[in-house]
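Numbering (the working numbering), first residue to last: 271 to 345.
Right, here's the structure in full:
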């Protein structure tokens with residue numbers, strides 16, 4: 271079981287039935303989209319090369335707005 275804080279007040283638990291991944295989570299409806307690990311490999315390399323900072327990018331949660339909720343954001 272994997273435990274994740276998805277940027278909301280609740281904790282998300284999921285069975286580890288597939289490979290590790292990141293999440294993009296809508297701030298309005300809390301919809302979660304699974305993202306492959308390699309989405310952020312170049313960012314981690316750049317942080318290391320430019321800032322000598324080794325990022326733990328095994329699990330990231332990116333907060334934003336899904337297509338359906340984006341019009342609500344601009345209200």
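We put the beta carbon where it would ideally sit given N, CA and C, even for glycine.
Proximity to residue i [Cα-Cα], best of the options
i	options	result
residue 306	336, 292, 314	292
residue 310	342, 326, 343	326
residue 339	320, 298, 294	298
residue 308	341, 290, 337	290
CA-to-CA distance, residue j to residue i, given in whole angstroms
i	j	result
residue 330	residue 312	14 angstroms
residue 314	residue 333	18 angstroms
residue 304	residue 337	15 angstroms
residue 301	residue 342	15 angstroms
residue 316	residue 294	21 angstroms
Chain-order list of residues whose beta-carbon lies under 6 angstroms from that of residue i (same chain, five-residue window excluded)
i	result
residue 324	318
Beta-carbon proximity list for residue i, same chain, < 7 angstroms, skipping 5 on both sides
i	result
residue 335	296, 297, 298, 343
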